[in-house]
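The numbering of the sequence shown is the UniProt record's numbering, which starts it at 1 and goes up by one.
Beta carbons: idealized from backbone N, C-alpha and C, even for Gly.
Bear in mind the structure is a predicted one, so any value in this text is a computation, not a measurement.
The structure appears below as structure tokens.
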Amino acid sequence: MGDVLWTPPADVRERSRIGGYLRWLREHRGLDFADYDALWQWSVTDLDAFWRSIWDHFEVVAHTPPTATLGGAAMPGARWFPGATLNYAENVLRMPGRADDDPVVVAHSQTRPPVTLTAAELREQVRRVAAGLRRLGVVAGDRVAAYAPNIPETYVLLLATSSLGAIFSSCAPEFGTRSVVDRWQQIAPKVLVAVDGYRYGDKPVDRRAEVAAIRAALPSLTHTVTIAYLHPTAPDGVPEGSLSWAELAAETTGRLTFTPVPFDHPLYVLYSSGTTGLPKPIVHGHGGILLEHLKMLALHHDLGPADRFFWFTTTGWMMWNFLVSGPAVGATIVLFDGNPGHPDLGALWRLAEETGTTYFGTSAPFLLACRKAGLVPKDVADLSALRGVGSTGAPLPAEGFTWVYETVGTDLQLQSLSGGTDVCTGFVGGVPLLPVYAGEITCRALGAKVEARSADGTPVLGELGELVITAPMPSMPVGFWNDPDGRRYAEAYFDVYPGVWRHGDWITINERGGCVITGRSDATLNRGGVRLGTAEFYSVVEGLDEVVDSVVVHLEDDEGGAGELLLFVVLAESLELDDTLRRKIARELRTALSPRHIPDEIHQVRAVPRTLSSKKLEVPVKKILTGTPVESAAAQGALANPESLTAFATFAQSRPTP
Numbered sequence: 001m002g003d004v005l006w007t008p009p010a011d012v013r014e015r016s017r018i019g020g021y022l023r024w025l026r027e028h029r030g031l032d033f034a035d036y037d038a039l040w041q042w043s044v045t046d047l048d049a050f051w052r053s054i055w056d057h058f059e060v061v062a063h064t065p066p067t068a069t070l071g072g073a074a075m076p077g078a079r080w081f082p083g084a085t086l087n088y089a090e091n092v093l094r095m096p097g098r099a100d101d102d103p104v105v106v107a108h109s110q111t112r113p114p115v116t117l118t119a120a121e122l123r124e125q126v127r128r129v130a131a132g133l134r135r136l137g138v139v140a141g142d143r144v145a146a147y148a149p150n151i152p153e154t155y156v157l158l159l160a161t162s163s164l165g166a167i168f169s170s171c172a173p174e175f176g177t178r179s180v181v182d183r184w185q186q187i188a189p190k191v192l193v194a195v196d197g198y199r200y201g202d203k204p205v206d207r208r209a210e211v212a213a214i215r216a217a218l219p220s221l222t223h224t225v226t227i228a229y230l231h232p233t234a235p236d237g238v239p240e241g242s243l244s245w246a247e248l249a250a251e252t253t254g255r256l257t258f259t260p261v262p263f264d265h266p267l268y269v270l271y272s273s274g275t276t277g278l279p280k281p282i283v284h285g286h287g288g289i290l291l292e293h294l295k296m297l298a299l300h301h302d303l304g305p306a307d308r309f310f311w312f313t314t315t316g317w318m319m320w321n322f323l324v325s326g327p328a329v330g331a332t333i334v335l336f337d338g339n340p341g342h343p344d345l346g347a348l349w350r351l352a353e354e355t356g357t358t359y360f361g362t363s364a365p366f367l368l369a370c371r372k373a374g375l376v377p378k379d380v381a382d383l384s385a386l387r388g389v390g391s392t393g394a395p396l397p398a399e400g401f402t403w404v405y406e407t408v409g410t411d412l413q414l415q416s417l418s419g420g421t422d423v424c425t426g427f428v429g430g431v432p433l434l435p436v437y438a439g440e441i442t443c444r445a446l447g448a449k450v451e452a453r454s455a456d457g458t459p460v461l462g463e464l465g466e467l468v469i470t471a472p473m474p475s476m477p478v479g480f481w482n483d484p485d486g487r488r489y490a491e492a493y494f495d496v497y498p499g500v501w502r503h504g505d506w507i508t509i510n511e512r513g514g515c516v517i518t519g520r521s522d523a524t525l526n527r528g529g530v531r532l533g534t535a536e537f538y539s540v541v542e543g544l545d546e547v548v549d550s551v552v553v554h555l556e557d558d559e560g561g562a563g564e565l566l567l568f569v570v571l572a573e574s575l576e577l578d579d580t581l582r583r584k585i586a587r588e589l590r591t592a593l594s595p596r597h598i599p600d601e602i603h604q605v606r607a608v609p610r611t612l613s614s615k616k617l618e619v620p621v622k623k624i625l626t627g628t629p630v631e632s633a634a635a636q637g638a639l640a641n642p643e644s645l646t647a648f649a650t651f652a653q654s655r656p657t658p
């Protein structure tokens, strides 16, 4: 594997939070671990002892204690901490180690001046908004939806919603109407909170028409609240039939209270776009998210009251949900809304200096774009406070690692990590106890029993395999919304290896526990760190009169960049694909879904390969486009039209090598 780029300091156990946890285990449990590997092995074999230690070490605030830690480890269906009642918002707003006047939310935006909230101000905002939601009739189990960016109001709304035992769901306002409606019609929200628009760089993006269309498509809504974000002084800033944010957050009497809910009570619904049907509505629970984020933020990212924690994300990506748990470990969170490349790629690095960021989280494509542009971040900003850099969303190649150490800082720890919306965390990542090797994810996270499996299901070491998780984690979904018998949930993760979670990534795990992820093993698309389902593409593209059929694939970049999104269309009889139709397809995808859904190239084919049961074959098409011979890409006897694959082989041969 790659060169060693960073080595833990000699006193890492004295200085780090995981070192403190190891001392706690020795003193309170009589357990002593020589190294990280021994600790990890224990964490994935004695699940009861490990996860109870996380509960006790972080002093989780509960209203009633659990009767057990794990009420059965079978997957799917593992039940964690039965009998316990607690509230996620109560544990986050405890903000250990922070005084009332300490800043805990620092928010920068290209739409308005910076906003800072102290611990006391955050609690006060949550108290008021929770009371406002109560006035609107919101009770435990109701859904509150946010069509809003990464700003303090969205965060306050999440905490206020969860304090009541109601269920939160957010979509970034870059999402088009179709994307939003496909998600929220499934959960039938009672209240919608939406911005009127935003600025992306210096470009205003008005979303009032989209909000009106979303409202019209959601008959379950009883109230809409408008955040006048783009037009704060407009006389008609709040549409008819809508409340203002100021009305929702009006002064009120009464204490901030927290509804005790069971450990697995729904906290929020996230969406992972599948390859068939609507986006999967993944339900995450209060307790599982709390425990997972306490573990990851403190023990792996080493975050605490002295830290300022930033991750570039939108509210449509699970990294937002991960970021905003930061105050639960005492960290201040840094929020940013806008174009990360405006006015240039140095913008976020200058933001890090301005906000005193100590942990800078971003995506591999962003780091590689900075490298390609010849940027030297330490020359454009004072990054002396920075001690951690996080990279996710796509594999970061060795040259990306080297660039960070050459141009950002030599003493920081670079943590490449991978996980998913499905568990709302990273299950492979970094840890302060282990060195950083170029091109390698350092370790499997505590409590995450990650393995690589060969095609026949055998665990393998040192060779490529399917990424699986063979023991339950508390942050695995409570289930899918409207899936009472759990069938969709089981099909999504447990259909290939019964009782074992199959994630849909290729992974190689080496002898020292380091990991390399090399892309998706299924047809889900990974576009700039955001997973997109093919089903959404097809419903839009094939809704056009000109398009009879289509297939879309994403080709990963070996160097970790954005890769290429290729769309192939079968057109109605006698039609030929031209630039006018290409522009129309791109416009429809942008409007209905998002700018991320616009393909890099659109090509015409005579037919889309399908199985005998008429399922599209995205994975064989992708294999052929990346050099696999046709006869090896698919079992042709299982195809309804095996001759259709030939066109993709011809196309692959005719393309210039990237």
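When you compare only the Cα positions, how much space is there between residue i and residue j?
i	j	result
serine 539	leucine 593	10 Å
proline 173	leucine 39	42 Å
histidine 503	tyrosine 497	11 Å
threonine 410	serine 384	10 Å
threonine 402	glutamate 124	44 Å
aspartate 382	asparagine 150	25 Å
serine 613	threonine 626	Because the pLDDT at serine 613 is just 45, under 50, the model does not fix this residue reliably, and the point stays unresolved.
arginine 15	glycine 519	35 Å
threonine 257	glycine 514	44 Å
threonine 534	threonine 315	21 Å
arginine 17	glycine 390	17 Å
glycine 285	alanine 572	47 Å
arginine 128	leucine 86	21 Å
alanine 331	aspartate 579	50 Å
alanine 394	lysine 584	29 Å
glycine 83	proline 66	5 Å
Within a Cβ cutoff of 7 Å, which residues of the same chain sit near residue i, ignoring the five residues on either side of it in sequence?
i	result
valine 551	Phe568, Val608, Lys616, Glu618 and Val621
asparagine 641	Ala607, Pro609 and Arg610
valine 12	Gly19, Pro432 and Leu433
glycine 97	Gly304, Pro305 and Gly330
Which first and last residues belong to the beta strand (DSSP E) in which residue i is found?
i	result
leucine 221	Looking at the DSSP string, leucine 221 is not in any beta strand (DSSP E), and its letter there is neither H nor E.
glycine 326	Segment: none, glycine 326 is in no beta strand (DSSP E) and carries neither H nor E.
isoleucine 167	167-171
tyrosine 268	266-272
Identify, in the order they occur along the chain, each residue of the same chain with its Cβ nearer than 6 Å to the Cβ of residue i, setting aside the five sequence neighbours on each side.
i	result
leucine 158	Phe168
alanine 373	Leu345
phenylalanine 427	Gly419, Ala445, Ala448 and Val450
alanine 647	Val605
valine 205	Gly197 and Tyr198
leucine 467	His503, Asp505 and Ile507
valine 238	Thr226 and Ser244
alanine 452	Val460, Gly465, Ile507 and Ile509
phenylalanine 322	none
Who are the Cβ neighbours of residue i in its own chain at under 8 Å, not counting the five residues just before and after it?
i	result
residue 660	For the chain, the structure presents residues 1 to 658; residue 660 sits outside this window and is missing.
aspartate 100	Thr118, Ala119 and Ala120
With respect to the alpha helix (DSSP H) encompassing residue i, which residues constitute its N-terminal and C-terminal limits?
i	result
isoleucine 624	618-625
alanine 634	Run containing alanine 634: none; DSSP gives neither H nor E here.
alanine 119	119-135
leucine 159	152-163
phenylalanine 648	645-654
Per DSSP, which residues does residue i bridge with? Please list them.
i	result
alanine 490	In the DSSP output, where bridge partners are listed per residue, alanine 490 has none listed.
asparagine 87	Per DSSP, none; premise fails for asparagine 87.
serine 242	In DSSP, serine 242 forms no bridge with anything.
histidine 231	DSSP lists no partner for histidine 231.
serine 539	None, per the DSSP bridge assignment.
tyrosine 200	Lys203
threonine 425	Gly420
proline 262	Thr85
tryptophan 501	Ile469
serine 391	Thr362 and Ser416
### Message
Any contact between the stretch 102-113 and the stretch 127-137? By contact I mean 3 or more CB pairs, one from each, below 8 Å.
### Response
With a cut-off of 8 Å, the stretch 127-137 and the stretch 102-113 do not count as touching, because too few Cβ pairs lie within range.
### Query
Hey, is the stretch 433-443 in contact with the stretch 5-13, meaning 3+ C-beta pairs nearer than 8 Å?
Enough Cβ pairs lie closer than 8 Å, so yes.
#### Entry: Cβ contact check for the stretch 622-636 and the stretch 584-599: 3 or more pairs under 8 Å
Fewer than three beta-carbon pairs drawn from the stretch 622-636 and the stretch 584-599 are found closer than 8 Å, and the two stretches are therefore not classed as touching.
### Query
Counting pairs of Cβ atoms below 8 Å between the stretch 56-64 and the stretch 80-95, do you hit three or more?
Between the stretch 56-64 and the stretch 80-95 there are three or more C-beta pairs closer than 8 Å, enough to call the two in contact.
### Cβ contact (3+ pairs, closer than 8 Å) linking the stretch 251-268 and the stretch 73-83
These segments touch.
### Query
Do the stretch 345-362 and the stretch 305-312 make contact, defined as three or more Cβ pairs closer than 8 Å?
Short answer: they touch.
### Query
Is the stretch 175-190 touching the stretch 317-329, taking contact as three or more C-beta pairs under 8 Å?
Per the Cβ contact rule, the stretch 175-190 is not in contact with the stretch 317-329 (fewer than 3 Cβ pairs under 8 Å).
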